[in-house]
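Written out below as structure tokens is the structure these notes cover.
There are 2 protein chains.
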Amino acid sequence: MPVAQETEVWQKQTNELKKFLAIGDAKAFRSTFLELHNWEQAQFFLSLDQTERLALYNTLTTKEVGDLFDDIDDDQVQIPDFLSEMEPSYAAEMLTEMYTDNAVDILEHLDKATVQRLLARMPHKTAAEMRTLLHYGDETAGAIMTTEYITIVAKQTVASAMAALRAEADEAELIYYVYVLDNDHHLAGIISLRDLIVNDQAAMINDIMNERVISVQVTDDQEAVAQTIRDYNFLAIPVTDPSNHLLGIITVDDVIDVIDDEAAADYSGLAGVDVEAKLESPLKSALKRLPWLITLLFLGMSTASLISHYENLVSEASVLAVFISLITGTAGNAGTQSLAVAVRRLAFKNEQTSLLRTLVVELITGLMIGVVTGLTITVVVGLWKHTFVLGFVIGLAMCCAIIVANLAGSFIPSLMERLGFDPAVASGPFISTLSDLTSVLIYFSIAQYFMPFFINK
Amino acid sequence: MPVAQETEVWQKQTNELKKFLAIGDAKAFRSTFLELHNWEQAQFFLSLDQTERLALYNTLTTKEVGDLFDDIDDDQVQIPDFLSEMEPSYAAEMLTEMYTDNAVDILEHLDKATVQRLLARMPHKTAAEMRTLLHYGDETAGAIMTTEYITIVAKQTVASAMAALRAEADEAELIYYVYVLDNDHHLAGIISLRDLIVNDQAAMINDIMNERVISVQVTDDQEAVAQTIRDYNFLAIPVTDPSNHLLGIITVDDVIDVIDDEAAADYSGLAGVDVEAKLESPLKSALKRLPWLITLLFLGMSTASLISHYENLVSEASVLAVFISLITGTAGNAGTQSLAVAVRRLAFKNEQTSLLRTLVVELITGLMIGVVTGLTITVVVGLWKHTFVLGFVIGLAMCCAIIVANLAGSFIPSLMERLGFDPAVASGPFISTLSDLTSVLIYFSIAQYFMPFFINK
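Top to bottom, those sequences are chains A and B.
Residues in the first sequence are numbered consecutively from 1366, following our numbering.
Residues in the second sequence are numbered consecutively from 1366, following our numbering.
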């Protein structure tokens, strides 16, 4: 069956489910609804109005609603509204039933008073666990890990480990890796369910477990965690503190969200706009894009006032105006390319390249690009305007402007990172607007110097 | 343990392993090497020179080398060299031992004659399977699926299914989902290992299996497959033909690679350069970036020649030159934003928005942005140059240029997609260079019309 959402069947089923809710036929609703995958349940839920949602809360158990909330995207802006329309004790119970990492994602989007109110209504142990998770820094391993994993001890047979696994399976988010702990809750080994299945049931865990456990630290950046899971092709990775106590695990589905979010952030940064995949209202789009545009407009004003400074030069040789946009445009393009490469390289933390080396490489690259582009334009302009002096001025200016734009494009993201910002906030539009300024300065300085040679055009 | 590669321990171990290879101590080499995770083995392998690699082939079995090749990134350019330095029969045997999808990824990067030579040396069944997989279109579900999955029939108990699973586990890439087939190889249901474990061993598969199987078609785009796995949080998804015969499965690790590749392609497109995470030599970088830059340079020349056409206007009112870069720059920025949004929206196939609706939304967005930005600059220029006529000319030109750039930014990627190209090839630099041309045309047309009113500045 293809993805349900697209089909007419889905449309029909949705309408039917809504009808059941409206007429209060709980039995019919439950029998159809609980057949759906959790993600489909979530999609259905998101299509309801408030009256329908209230009817749904009454028809389903907190566990069943928790299951669908596990599959609602955590950047869904309506979540706080959903929680506030539930009875507080119902909301607390539902959050308790959810996987801890997902519940914590939701709590992070609520105001502090509401969080306290909800935690107060949870079982003591769950509330304590969530409080701990809420304390981990944003975008760290701690913030995305879950505490629902299966642990066993090493001195037992596969058969007894399987029994332990069966007993705990209901609570765990992932049962395909089992973590082996010693007496002090240190992570001593790991064994996959695959190994438990294929090995002799009488074999001892400590003989077959993998002791070379790859783990991440609770304070590690989520991007580094994603990189490790991707490299090793794991389904999950354990998270430990510096003394190797097991604190939680991070599953591959959360890592996919991290990869997605980071890619979207890099992409949005390059474009100078927070890109959303959904079609938004024009007003919302405009409000999102205007701040950057207006900021850059004022940066652009300094370029304009610089040109204004050279207005006399332009009125003497109006041909200079002809090439302003060509030089600023080409340098801006080169700067954007170098920016994109720099941002992407910074995203891959395991490539440890020194800033100096990057700058040297980018300088030489810029030099090569500048010389080739400069020579090309020298010839083209020389032939077109029948003066190779002018061609040379344009070519030299373009070459210098490209080198400067290239350096800015690669240096600024590194600088941002060193100052503790996300390098992706150095946007493409920012670099090209900045490069307009330097390009114009370079262009008119060179033109002024060579003025005497081509004024008699 | 943190990721091995970064630690000194790793460096020491690598050196030790190389020493074992050099002195030909196969036993010592094997006992250390086979303790490593496959990905680490792959990293070690990639650090070897040819002599060392040849020694390694002699020391390890084809299965062991196949395991590490499973974890070499398929865009690793050296792979064809590795295969050509192996004995052909060794290479064929190694590919046979690998997971089919990974082996096919490698074959896709070899020339046809080599592929035929290798297939001829494989067992008949494997070669036939690989030939089929090689025929699926690039970037489709068929191209990334594997044929190593576990199937059972419905009319048996959990206990007998578990026995079947144990027997097949060694060959399968993923054993955590088991696919239930009917007599005609139709996909009739799916059951997770989790369900097999927690259910009563005497339960019948057809009572507990999930019959609402979410699957993808073999011709589906890989991006749509990735979206489905991500939405449903699956570890794998079955691939079927239109008659619902099971052809293969796609696992979550391959989906992560797809998400990565697509994100990198969108990102590279926006920047107008094929972005690689690794630091490349300046020459290589320059050669990669120059083609676009030179192409755009010639597009930029048409802007220059358009300005040249208006040179008399500029020499009469040199103040016009002051605002060229401000108008082209701002319109270019707006166009880049709208381009980024359009490309990203096209990437999410499940959002079915008509082109017309997108354009209308983008037109209204452009209008709002244009009016706000235009009014701002009218006031600023009016105050600065003490002439609100000039301010109005700049403001009006900027407003129109932004609207046009916005439309181009959202229309061109859609056009590309309709013509069968990847919308991401419409790069940011291309849109801003194109928008330079239209902006200059709009600017000077408006300026010429209003010329009489501000020439007496």
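All C-beta atoms, glycine included, are put in the ideal place defined by N, C-alpha and C.
- If you check the CB distance, proline 1603/A and isoleucine 1621/A do not come in under 7 Å.
- When Cβ-Cβ separations below 7 Å define contact, tyrosine 1541/A makes contact with chain B.
- Not one beta carbon of chain B lies nearer than 7 Å to the beta carbon of tyrosine 1544/A.
- Contact holds between the segment 1498-1508 of chain B and the segment 1583-1591 of chain B, because three or more Cβ pairs, one in each stretch, are under 8 Å apart.
- The residue among Ala1407/A, Ile1594/A, Asp1631/A and Leu1748/A with its C-alpha nearest the C-alpha of histidine 1402/B is Ile1594/A.
- One Cα belongs to leucine 1483/B, the other to leucine 1448/B, and the distance between them is close to 10 Å.
- In terms of Cα proximity to threonine 1516/A, the closest of Ala1712/A, His1500/A, Asp1503/A and Glu1536/A is Glu1536/A.
- Residues of the segment 1587-1611 of chain B with a C-beta atom less than 7 Å from some C-beta of chain A are Thr1593, Arg1595, Asp1596, Tyr1597, Asn1598 and Leu1600, listed in chain order.
- Against chain B, the beta carbon of tryptophan 1375/A has no neighbour under 7 Å; the closest one sits roughly 12 Å away.
- Around the CB of leucine 1399/A, fewer than 16 other CB atoms lie within 10 Å, so the residue is classed as exposed.
- Per DSSP, reduced to three states, the secondary structure at histidine 1751/B is coil, with no helix or strand assignment.
- The C-alpha of cysteine 1765/B lies about 7 Å from the C-alpha of isoleucine 1807/B.
- Less than 7 Å separates the beta-carbon of alanine 1699/A from that of isoleucine 1767/A.
- Cβ-Cβ distances below 7 Å link serine 1667/B to Leu1802 in the same chain, with the five nearest sequence neighbours on each side left out; the list follows chain order.
- Distance between glycine 1747/B and valine 1737/B, taken at the CA atoms: about 15 Å.
- By the 16-neighbour rule on beta-carbons within 10 angstroms, aspartate 1549/B is exposed.
- Taking 7 Å as the upper bound on Cβ-Cβ separation, chain B lies near residues Leu1661, Leu1662, Gly1665, Met1666, Thr1668 and Ala1669 of the segment 1660-1671 of chain A.
- Bounds of the alpha helix (DSSP H) holding valine 1430/A are 1427-1434.
- Counting the other Cβ atoms within 10 Å of the Cβ of proline 1607/A gives fewer than 16, which makes it exposed.
- Each residue's CA atom was taken as its position, placing tryptophan 1657/A and methionine 1781/B some 27 Å apart.
- Ranking Ser1633/B, Asp1390/B and Gly1665/B by CA distance to the CA of threonine 1701/A puts Ser1633/B first.
- Burial of tyrosine 1541/B is indicated by the presence of at least 16 other C-beta atoms within 10 angstroms of its C-beta.
- The C-alpha of proline 1778/B is placed about 39 Å away from the C-alpha of glutamate 1381/A.
- When C-alpha distances from alanine 1705/A are compared across Ala1407/A, Ser1792/A and Gly1739/A, the shortest belongs to Ser1792/A.
- Residues of chain A whose Cβ lies closer than 7 Å to the Cβ of proline 1647/B are, in chain order, Val1726, Ile1729, Thr1730 and Met1733.
- Leucine 1472/B and aspartate 1440/B have their alpha carbons spaced roughly 12 Å apart.
- Proximity of chain B to valine 1684/A at the Cβ level (cut-off 8 Å) is accounted for by Ser1673 and Glu1676, in chain order.
- In the three-state DSSP reduction, threonine 1511/B falls in the strand class (E or B).
- One alpha carbon belongs to aspartate 1565/A, the other to glutamate 1458/B, and they sit about 29 Å apart.
- Contact of asparagine 1698/A with chain B is assigned, a C-beta pair being separated by under 7 Å.
- The Cβ atoms of aspartate 1631/A and lysine 1653/A do not sit closer than 7 Å to each other.
- Rounded to whole angstroms, the Cβ separation of phenylalanine 1795/A and leucine 1661/A is 7 Å, and the two are in contact under 8 Å.
- In its chain, beyond the 5 residues on either side, Thr1461 have a beta carbon closer than 7 Å to the beta carbon of threonine 1491/B.
- Per DSSP, tyrosine 1597/B lies in no beta strand (DSSP E) segment; the continuous alpha helix (DSSP H) that holds it begins and ends at 1587-1597.
- Taking a 10 Å sphere around the C-beta of glutamate 1576/A, we find fewer than 16 other C-beta atoms and assign the residue as exposed.
- For proline 1656/B, the enclosing alpha helix (DSSP H) stretches over residues 1647-1674.
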